[in-house]
Amino acid sequence: MDAMTTDISALERDLLARIDAASDEAALEGVRVEALGKQGAISNLMRTLGQMSAEQRQEMGPKLNGLKDRVGEAVVVKKAGLAEAALEAKLKAEAVDVTLPAAPARTGSIHPISRVMEEMALIFGEMGFRLEEGPDIETDFNNFTALNFPPQHPARDMHDTFFFAPDAKGERKLLRTHTSPVQVRTMLSQKPPIRMICQGRTYRSDSDATHTPMFHQTEGLVIDETTSMADLKGVLMAFVKAYFEVDDVEVRFRPHFFPFTEPSAEMDVRCDRSGGQLKIGQGKDWLEILGCGMVHPNVIRNCGLDPERYQGYAFGMGVDRLAMLKYGMTDLRPFFEGDVRWLRHYGFSPYLLPGLAAGLDG
Amino acid sequence: MKFTLSWLKEHLDTDASVEALVHTMTMIGIEVENVENPALKYRPFTAARVVEARQHPNADKLQVCQVDTVQGRLEIVCGALNARAGLVTIFAPIGTYIPGTGITLEPKPVRGVVSNGMLCSEGELELGGDLFGLREKNYPEWRARADQLGLDQAKAITDGGIAELPNDIAVGAPLAQILEADDPVFDIEVTPNRPDWLGVMGIARDLAAAGMGKLITRPAPTIKGKFVSPISVGTDDPGACMVFGGRYIRGVKNGPSPEWLQRRLRAIGLRPRSALVDVTNFLTFDRARPLHVYDADKVRGHLRARLGRGETFKALDGETYEATPDMCVIADDSGVLGFGGVMGGESTGCTESTVNVLIEAAVFDNLRTFRTGRMTGINSDARYRNERGIDPASCAPGLELATKLILEFCGGEPSDIILAGEIPAPLAAVTFDPERVKKLAGISVPAAKSKTILKALGFEVSADEAKKLVVQPPSWRRDVEGPADLVEEVARIVGYDELPANAPPRSANYRPAAASVGESRLRIARRALAAAGYQEAVTWSFCRRAHAELFGGGAGALALANPIAPDLDCMRPTALINLLIAAQRNSDRGHRDARLFEAGPAYLGDQDGDQIRTVAAVWQPAPQRHWKGSTPPDIFDVKRDCLAALAALGAPTSGLQTQDADKPFWRPGRSAVLKLGNKALATFGEIHPRTLATLGVDAPALAFEILVDAVPAPRAKATRAKPPLDMNALMPLTRDFAFIVEEKARAADLVRAVLGAEKGLIADVCLFDVYRGQGVPEGKKSLAIEVTLQPKEKTLTDAEIEAVSGKIVQAAAQATGAQLRA
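So the sequences go chain by chain: A and B.
Read in order, the letters of the first sequence correspond to residues 1379 to 1740 in this note's numbering.
Read in order, the letters of the second sequence correspond to residues 46 to 867 in this note's numbering.
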């Protein structure tokens, strides 16, 4: 019996040593089969238990089972160790230079004019204005006559207005010189109360450092039976605060002249030009930002409404100019040149949506 | 329009400061462009007397002068020909900033001699001209001096010299005092509705109404005529010249006008000429009443206002003009003398020797005056006022005022006044309910106050029965035609600052602003394309007509009659033209690989509805380089971006048909139009190399254009809620197929056929390989697809999968002749 016990001890030492020595999973599997496989050394010993006496079996059973468990356990542990080492080796082998550049993901930009028009539409939208639209190519009536420009008014002259050739009837279309024809179209097609804004491209035959033959406007119109200049002041003061995103903006209204409004005014905001940078809201200087007034009775009449009953206000502002004042561009011409450097610098991320809740910077 | 403070005070009794006057002018509608006191500019300059002038030892053309100055006797180097002993001139000490040259004087030797200051010319002080008319007298001396130095005499005179002041001016007298220039000059911008503000009197009237002092009214005198004018005046075209007033004054002695008048004119930048001419200029600015004086002895027969007949004549500016039948002229028996209300003629101009004069005060049609001025390019003070409208009642008073001044300055004897034509009727009185101020301007102003304001502005106000006022506008206010105009008068004098500002309504009370579907889509497209790496540009709506023609546009109705530049003479049929040119400009500057887009209009015609919303994009690709390798961008890159944008706009992209592009500016074989049914939604591809060559743009250029309005509008829904979500619990499975097809077969036809092979089951078809070469016969290609099957009710059996596969192979064969690859 002792001899057998000695054999078991020797076998265990041998197997454990070989398991430990196995360099890979295949070698380990070889050792496992030799020990625990159907014809393995331990399996063969286990089979001898059946021929033993009860006393022998009582003694050898636990010993053999203990051997089987320890060797089996050693295989599992070794296997896990080998797998871990293999993974480590693989990770090490597959390391890369993480500082290599990724393929470039290009994000484009939204033009400041689009951005500013959206901001304006949003602010006036909050105050109940609907966005109306109209074409760039207009009739003389919509652009001038309806708006109380006297016949042959100098502004209709070739000097300012782009014209097309006269048609068979002798009527010539023109490029709208302001977005006001949309106001005319709205008054002609809708019944008061009217509360609208319009935005878009406008054209004047003018080109220098501060004028381009194409520019953009946002205009507003309210027509009902009671709206007064006090309402106009309130709306525009609210607009200026929201647009420039400053709590306190000092503004003033000055009398001015437009053919289509009476009384007419220009609105100035306080500004500070010291230090070469323009700050809006406070300061010593005034900056003119828009024109406005009460719609001229002749305009209301020309648009098919009764000026004895209806009244209201209109205002108009230059989108490009207000974009420059808010976002700091100093020149107008590059707005229309499509220079990628300018577009990248002054353009806006598509992910920053203007919104009033989070501030216009979104 | 310029005037000085002292001039204003001739009409306004006021103690108000310059600042208060500027503020009030601004707030009543007179835009003040600038206020400047010339005295500030002249402060360092004083009178000095040259005691000795000697040849500079080292320079022929320079003199070294000993000069008595405010700082004592100084040695000053001077290059002026007229520097000579005894001359009183203008001295600037070291450290003085010289406005005319922009230089500050430093103690620097001039050819070895230190100059302790400078003797100045009028030009160096931005004064212009010969201040006291003294130079001309000394021209003989200049000429002699020029001869001495061997210089050209004429050139020596035109190049000028230092200022010559009257001899009796004391050394050290400040220049501002000599010029009596300590008088702020206002420069104002006058709106076209207020020609009365083109006279100082008119400005004073409004300032007085606004509480800035008391208006000084000096009615025109009535000077009795002593005889009947031997020259009569008349108007042959009362539409062009409504009123023609004239008065003859005989026996005048012309000469310089008095110093006060010369100073006043000089202060606002006008050159004094002679008493007769200065009087007309003075009244132009004082009363907004342009006048003209004729040398009566040069007039042949009588003066008539009539239309031009194509004659030419020489105007006072020395230029020869043609009088077309659209222009109003003043003519005598010899022909055209001048343009009515714009500029007189040289032949009858007044000179020093004029003895008999005829003064003209007329009213011309302002629009005709404007056109004449524009056609001739003449910008005169007379035109400026006449084209804006002259007070039609001002002819006789204007003649009386001019007569008074001429008699005072030049003596003589006046004729009776002749007034031909008919003074236009005054504007109708306006019935005005003072409550209107509250209704329109939003401020309560007591009726009595409104009345006071209107009266101060020159309106006649009488009360009607029903508490309404009857308001008669004065003759100089032809802009006032209804109650709204009167509300403006009251409101601007009360002050717009006084108007309340009503809080704007909050959106809660209103529907939120509804932008149109089209406008919303442009906003979406901008975000989609910017996110895809394109930069939004805004380019002109116009382009070169020849370019427009290349892109299917250029119709006559869209060509501008008066383009601003030859390359901007036509409305664009697509934004692609300007984007391609912009991309090339970037490339030329070394910024390659531009990806630009524009979400804006294209113009297909000049009728309403011909302007369409488009999204156009251009990519002028540079080789893409990356260490992992990369393929050159091609039309499939823009196809992806185009489809992504279409999807963002809500277009059903899976149902679109891809057909060859049909416009000739697209490159054949590498461009396609995406259609929904037979409606084109977008085109993408490469621009034709020939088109690019004409535009001067390097190939290749990738592009796409989406016709935003062609994308079907979303259906109006009763609720914002989305339909219930149907999530299938069964696993989808995929099967791969490779087909051999003819080279000309289209992938989309194969994919569409397979998608339709078993509609309930086939969820997706993905074409993942195109192969030509070994194993594929010549002239054919292999297309490999992965088909996704989505079981609906139960897992598919092998037999069912086999059945579907069979249908797929059959459908592919039917549609494209495809053979399953072995």
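Beta carbons are placed, not taken as given, at the ideal position from N, Cα and C, and that holds for glycine.
By the neighbour-count criterion, in which 16 or more other beta carbons inside 10 Å mark a residue as buried, B:M420 falls on the exposed side. For B:I785, the enclosing beta strand (DSSP E) stretches over residues 778-787. Taking 7 Å as the cut-off, the Cβ atoms of B:V324 and B:A447 count as close. Distance from the CA of A:L1553 to the CA of A:F1693, rounded to the nearest whole angstrom, comes to 20 Å. By the Cβ-count criterion, B:V408 is buried, with 16 or more other Cβ atoms from all chains shown falling within 10 Å of its own Cβ. Across the structure, A:I1572 and A:R1699 are spaced so that their CA atoms are roughly 27 Å apart. Its chain contains L485 as the residues whose beta carbon lies nearer than 7 Å to that of B:A529, once the 5 sequence neighbours on both sides are disregarded; these appear in chain order.
For B:L719, there is no enclosing alpha helix (DSSP H); the residue is found in the beta strand (DSSP E) stretching over 711-721. Using a 10 angstroms sphere on the CB of B:Q819, the tally of other CB atoms stays under 16, which defines it as exposed. In the structure shown, the three-state DSSP call for A:A1587 is coil. If one requires a minimum length of 4 residues, the alpha helix (DSSP H) runs lying completely within the stretch 1579-1655 of chain A are 1607-1622, in chain order. In the displayed model, B:Q819 falls within coil according to three-state DSSP, outside both helix and strand. Annotation for A:W1664: the continuous beta strand (DSSP E) segment containing it runs 1663-1673. For chain A, the residues of the stretch 589-611 of chain B that bring a beta carbon within less than 9 Å of one of its beta carbons are G601, A602, L603, A604, L605, A606, N607, P608, I609, A610, in chain order. Residue-level contact check: B:P479 does not touch chain A, since none of the beta carbons of chain A fall below 7 Å from its beta carbon. Contact between B:E594 and B:T659 is ruled out by a C-beta separation of about 18 Å, above the 8 Å threshold. What B:L412 touches in chain A, judged by beta-carbon distance under 7 Å, is Q1530, going in chain order. Between B:E181 and B:A208, the gap from beta carbon to beta carbon reaches 7 Å or more. A:A1643 reaches chain B at Y541, counting residues in chain order whose Cβ is nearer than 7 Å. According to the DSSP assignment, B:F415 belongs to no beta strand (DSSP E) but to the alpha helix (DSSP H) extending over 411-421. Between the alpha carbons of B:W187 and B:A84 lies a distance of about 31 Å.
The alpha-carbon of B:L464 is positioned some 53 Å away from that of A:K1662. In the DSSP assignment, B:D814 is bridged to B:A829.
At least 7 Å separates the beta-carbon of B:D794 from that of B:E831. Inter-residue distance for B:E432 and A:G1503 is about 42 Å (C-alpha atoms, whole angstroms). When DSSP assignments are scanned along the stretch 410-494 of chain B, the uninterrupted stretches of alpha helix (DSSP H) that are 4 or more residues long and fall wholly within it turn out to be 411-421, 426-431, 440-455, 480-486. Here B:W305 is exposed, its C-beta having fewer than 16 other C-beta atoms within 10 Å.
The closest CA to that of B:L352, considering only B:H101, B:T764, B:A368, is found on B:A368. Not one beta carbon of chain B lies nearer than 7 Å to the beta carbon of A:K1704. Using a Cβ distance threshold of 7 Å, B:V562 and B:A755 do not count as a contacting pair.
Those residues of the stretch 516-547 of chain B placed with their C-beta closer than 7 Å to a C-beta in chain A are G527, A529, D530, V532, E533, A536, R537, Y541, D542, L544, P545, A546, N547, ordered along the chain.
The beta-bridge partner set that DSSP reports for B:R295 consists of B:E458.
Rounded to whole angstroms, the separation of the alpha carbons of B:S277 and B:L348 is 6 Å. A:P1712 and B:E643 have their alpha carbons spaced roughly 15 Å apart. For the pair B:Y579 and A:G1716, the CB atoms are not nearer than the 7 Å cut-off.
Legend: CB atoms of the stretch 1712-1730 of chain A lying less than 9 Å from CB atoms of chain B belong to residues F1713, F1714, E1715, G1716, D1717, V1718, R1719, L1721, R1722, G1725, F1726, S1727, P1728, Y1729.
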